[in-house]
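Trainee: The opening residue of the sequence shown carries number 0 in this note's numbering; numbering runs sequentially from there.
Structure in structure tokens, see below.
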Amino acid sequence: MGPAVRALLELSQRGELTTAHVELSAHTLGVHVRTVWRNLARARLGEPLRRGRGRFEITDDIRTLLAYHRGNVKAVHRELVQDAEKAGATPVSLSTLHRAVKRDLTPGDRAGFKSGIPASRGHDPHLRRPPTARNEEWEGDHKQAPVWVWADGRLVKPWVTWFCDCHTGMIMGWAVTPHFPHRGSILAALRSCILHGDGYGPAGGLPTRIRIDRGKDFLSCAVQDALGAFAVQVDVLPPYTPHLKGSIENLNRAATSMFFSTLPRYTHAQKLDSRRRSGEKDPALTFEGFVELLAQWVKTRNAEHPMAGYGDLTPLQWWNSDPSPLREVSAEDLHAFLLEGDRSTRVINGHGIRFRGRDYMAGWMTGRSGTRVHVRFQPHHLDQIEIFDADNRRHLGTAYLADQASDEQIEQVYQARTERVRRVRRDLRRAETLRRRRFKAHTSAGPAQADTAMTRKEAAEELRTWRSSRADDDLPTDYMPRRITPPGRWAVPGPSAPSEEDT
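Take a look at the structure:
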């Protein structure tokens, strides 16, 4: 209405306004002709076209009350009514307050008052990064699988460490640990991302930059040195900003909905009642079986899953269609940087190399006794180490444990440890039983009295239990049991006659 009235007012000031102009404006705006003449008269007097009514608006004080009551509009209305009654004013109605909250506050503000900043950020739009090329940007993260699996005789929820290419959606590499991931799992995942061939790939190469979160393991010196040595830029994202690494977050959600939810003992299965979930009694997967199924799912997603955002091409097809050159690196160079280093200098001797109380041996050490070397290793995987010449830093080869225990010996050690823990736990429970004191029940006020009385039957039963559980090695050292039947000519003591006191 405003632009039309201003145009008619300009025609009126020039003396060119006619009734046809007003009727044309009214027909175009869909209003009555008198409405247009009325607004034109107000414009000539300098009055606003619409006479605004005073309406209730959300002030800073009301925003503070909403935050105090965690977004509860009715609680805020109670306080406003109390303040209005004290001031002798007319309080605002609850429906008016609800309309003002919906009108003046954004959904992000209302969610922030109710649940906090993360919920408020969920209503923010985010820009999409422009398309780049393969291996231009990677993103990495940890994901705890919501599935119970058997590992080392107990149920655990394994952790998956993986990296994806942001341009093609390709899962570059991954590593699984039955416990919280460490530097070794991250370095192993990076090796599987960079190498291709010999069980790795088909994608590979070095990225230009990589985005990671603020996890202390991702920020460790070993990972920073490994990536920085190959001129890979590491972008450490601020906390609580999952939208800044949307590719890996989408991968986590896809893995949950497409893979983890289909496995037995899924922790977020449908609830049967307030306590039980569907399938919680099903037999759990072994850790080996879980890793095998995850490898199959990653291969299927990379090679067979079409993605709508990439023209219904699979990540592997999109990767192969990109002509961008790859920055490849040899396995020997990865040994130099994707492994943890030992600061000390070792010497090859007649037993190989002594490292952390263990001897490591390899065939290439023949004739190298006395050579000064450096040791690099993968954390928590000390069954083999990589050896480098201390003078020229050249990779000499891989060394293995010289005397590695068999599986049966390791199992016996684990059983002995478990038995020792069970024995100590039993002793601690018995000690707690001895500490407990029973007290007499009182029906009137008085000090607590220990109940030390014991019947003859209770005492005899406890002594009998103690004697039956007494071990053989608790007997006196000079005790010698009778092992043969004495000859007939030997004098054997008979039962003693009862005394007068006994009779």
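Glycine is no exception: its CB is placed at the ideal position from the N, C-alpha and C atoms.
Could you tell me the boundaries of the beta strand (DSSP E) in which residue 179 lies?
Mentor: Residue numbering aside, residue 179 sits at position 180 when the sequence shown is read from its first letter. Neither: residue 179 is in no beta strand (DSSP E) and is coded neither H nor E.
Trainee: Does the beta-carbon of residue 36 have 16 or more other beta-carbons within 10 angstroms, so that it is buried, or is it exposed?
Mentor: Against the sequence shown, residue 36 aligns to sequence position 37. Exposed: under 16 other Cβ atoms inside 10 Å.
Trainee: Does the segment 249 to 268 come close enough to the segment 115 to 126 to have 3 or more Cβ pairs within less than 8 Å?
Mentor: They do not touch, by the three-pair rule.
Trainee: DSSP state of residue 192, grouped into three classes?
Mentor: Along the sequence shown, read from residue 1 onward, the residue named residue 192 stands at position 193. In this structure, residue 192 counts as helix in the three-state DSSP scheme.
Trainee: Quick check: the Cα distance between residue 160 and residue 272, rounded to an integer number of angstroms?
Mentor: One-based indexing of the sequence shown puts residue 160 at position 161. One-based indexing of the sequence shown puts residue 272 at position 273. About 34 Å.
Trainee: Tell me, please, which residues DSSP counts as bridged to residue 143.
Mentor: The residue labelled residue 143 in the question sits at position 144 within the sequence shown. Answer by DSSP bridge pairing, in chain order: 158.
Trainee: Could you tell me which whole beta strand (DSSP E) segments of length 3 or greater appear in the segment 349 to 407?
Mentor: Those beta strand (DSSP E) runs which fall completely within the segment 349 to 407 and span 3+ residues are 352 to 354, 357 to 360, 371 to 377, 380 to 388 and 394 to 400.
Trainee: Going by DSSP, what residue range makes up the beta strand (DSSP E) through residue 235?
Mentor: Looking up residue 235 in the sequence shown gives position 236. Its beta strand (DSSP E) spans residues 232 to 235.
Trainee: Indicate whether residue 39 and residue 10 have their beta-carbon atoms separated by less than 7 Å.
Mentor: Taking the first residue of the sequence shown as 1, we reach residue 39 at position 40. Taking the first residue of the sequence shown as 1, we reach residue 10 at position 11. Contact: no.
Trainee: Specify, as a first and last residue, the run of the beta strand (DSSP E) that residue 148 falls within.
Mentor: Looking up residue 148 in the sequence shown gives position 149. Segment 148 to 150, the beta strand (DSSP E) holding residue 148.
Trainee: Where DSSP assigns a beta bridge to residue 211, which residues make up the other side?
Mentor: The sequence position of residue 211 within the sequence shown is 212, counting from 1. Bridge partners of residue 211: 235.
Trainee: To the nearest whole angstrom, what separates the beta carbons of residue 206 and residue 137, a pair I think is in contact under 8 Å?
Mentor: Position 207 of the sequence shown holds residue 206. Position 138 of the sequence shown holds residue 137. About 4 Å separates the two Cβ atoms, so the contact holds.
Trainee: Return yes when the Cβ of residue 344 is within less than 7 Å of the Cβ of residue 371, no when it is not.
Mentor: As a first step, residue 371 must be located in the sequence shown, where it is residue number 372. As a first step, residue 344 must be located in the sequence shown, where it is residue number 345. Cβ atoms of residue 371 and residue 344: closer than 7 Å.
Trainee: Provide the residue span of the alpha helix (DSSP H) that contains residue 98, from first to last.
Mentor: Residue numbering aside, residue 98 sits at position 99 when the sequence shown is read from its first letter. 93 to 103 is the extent of the alpha helix (DSSP H) around residue 98.
Trainee: Would you kindly work out how many angstroms separate the C-alpha atoms of residue 155 and residue 350, rounded to a whole number?
Mentor: Counting from one through the sequence shown, the residue named residue 155 turns up at place 156. Counting from one through the sequence shown, the residue named residue 350 turns up at place 351. If you take the alpha carbons of residue 155 and residue 350, they lie about 39 Å apart.
Trainee: Got a sec? Which residues, its chain only, sit under 8 Å from residue 208 by beta carbon, not counting five neighbours each side?
Mentor: Position 209 of the sequence shown, counting from 1, holds the residue named residue 208. Cβ neighbours of residue 208 beyond the five flanking positions: 135, 136, 137, 231, 232, 233 and 234.
Trainee: Please state whether DSSP places residue 205 in a helix, a strand or coil.
Mentor: For the purposes of this step, residue 205 is taken as residue 206 along the sequence shown, with counting starting at 1. In the structure shown, residue 205 sits in coil (DSSP, three-state: anything other than H, G, I, E or B).
Trainee: State the CB to CB distance for the pair residue 276 and residue 244, rounded to an integer number of angstroms; the pair is presumed to be in contact (CB under 8 Å).
Mentor: Looking up residue 276 in the sequence shown gives position 277. Looking up residue 244 in the sequence shown gives position 245. The Cβ separation is near 31 Å, so there is no contact.
Trainee: Under 7 Å between the Cβ atoms of residue 305 and residue 299?
Mentor: By one-based count along the sequence shown, residue 305 stands at place 306. By one-based count along the sequence shown, residue 299 stands at place 300. In this structure, residue 299 does not lie closer than 7 Å to residue 305 by Cβ.
Trainee: For residue 365, count neighbouring Cβ atoms within 10 angstroms of its own Cβ and tell me buried if that reaches 16, exposed if not.
Mentor: Translated into the one-based positions of the sequence shown, residue 365 becomes position 366. Per the 10 Å Cβ criterion, exposed.
Trainee: Using the Cβ count rule (16 or more neighbours within 10 Å means buried), how would you classify residue 18?
Mentor: Here residue 18 refers to the residue found at position 19 when the sequence shown is read from its first residue. With fewer than 16 Cβ atoms within 10 Å of its Cβ, residue 18 is classed as exposed.
Trainee: Determine the contact status of residue 101 and residue 69, defining contact as a CB-CB distance below 7 Å.
Mentor: Position 102 of the sequence shown, counting from 1, holds the residue named residue 101. Position 70 of the sequence shown, counting from 1, holds the residue named residue 69. Not in contact: residue 101 and residue 69 (Cβ atoms no closer than 7 Å).
Trainee: Could you work out which residue in 85, 28, 429 and 333 is closest to residue 393 when comparing CA atoms only?
Mentor: For the purposes of this step, residue 393 is taken as residue 394 along the sequence shown, with counting starting at 1. The option with the nearest alpha carbon to residue 393 is 333.
Trainee: Which ranges does the alpha helix (DSSP H) cover as unbroken runs of at least 4 residues, wholly within the segment 271 to 307, from first to last along the chain?
Mentor: Runs of the alpha helix (DSSP H) inside the segment 271 to 307: 286 to 303.
Trainee: Between residue 83 and the rest of its own chain, which residues show a CB-CB distance below 6 Å, the 5 nearest in sequence each way excluded?
Mentor: Counted from its first residue, the sequence shown places residue 83 at position 84. So the list reads 90, once near-sequence residues are dropped.
Trainee: Which runs of the alpha helix (DSSP H) fall wholly inside the segment 16 to 76 and span at least 4 residues, in chain order?
Mentor: Runs of the alpha helix (DSSP H) inside the segment 16 to 76: 18 to 28, 32 to 44 and 59 to 67.
Trainee: CA-CA distance, residue 327 and residue 291?
Mentor: As a first step, residue 327 is located in the sequence shown; it is residue number 328 there, counting from the start. As a first step, residue 291 is located in the sequence shown; it is residue number 292 there, counting from the start. Their Cα atoms are separated by approximately 27 Å.
Trainee: Spell out the partners DSSP gives residue 309 in its beta bridges.
Mentor: By one-based count along the sequence shown, residue 309 stands at place 310. None, per the DSSP bridge assignment.
Trainee: Note down, in chain order, each residue of its chain lying with its Cβ closer than 7 Å to the Cβ of residue 97, except the 5 sequence neighbours on either side.
Mentor: Walking along the sequence shown from the start, residue 97 turns up at place 98. Cβ within range, chain order: 72.
Trainee: Could you check whether the segment 241 to 255 touches the segment 222 to 229, counting it as contact only if at least three pairs of C-beta atoms, one from each stretch, sit closer than 8 Å?
Mentor: Result no; under three Cβ-Cβ pairs closer than 8 Å.
Trainee: In angstroms with no decimal places, state the Cα-to-Cα distance between residue 31 and residue 24.
Mentor: In the sequence shown, counting from the first residue as 1, residue 31 sits at position 32. In the sequence shown, counting from the first residue as 1, residue 24 sits at position 25. Each residue's alpha carbon lies about 10 Å from the other.
Trainee: For the alpha helix (DSSP H) containing residue 315, list its first residue and its last residue.
Mentor: Taking the sequence shown and counting its residues from 1, the one referred to as residue 315 is at position 316. First-last of the alpha helix (DSSP H) with residue 315: 314 to 320.
Trainee: Where does the unbroken alpha helix (DSSP H) through residue 111 begin, and where does it stop?
Mentor: Residue numbering aside, residue 111 sits at position 112 when the sequence shown is read from its first letter. Taken as a continuous stretch (DSSP letters only), the alpha helix (DSSP H) holding residue 111 covers 106 to 114.
Trainee: Around the C-beta of residue 184, are 16 or more other C-beta atoms found within 10 angstroms, so that it is buried, or is it exposed?
Mentor: Looking up residue 184 in the sequence shown gives position 185. Classification of residue 184: buried, given that the 10 Å Cβ count is 16 or more.
Trainee: Give every residue of the same chain whose Cβ lies closer than 6 Å to the Cβ of residue 315, excluding the five residues on either side of it in the sequence, and list them in chain order.
Mentor: Position 316 of the sequence shown, counting from 1, holds the residue named residue 315. Only 301 and 302 meet the Cβ criterion.
Trainee: Does DSSP put residue 346 in a helix, in a strand, or in coil?
Mentor: Against the sequence shown, residue 346 aligns to sequence position 347. Three-state result, residue 346: strand.
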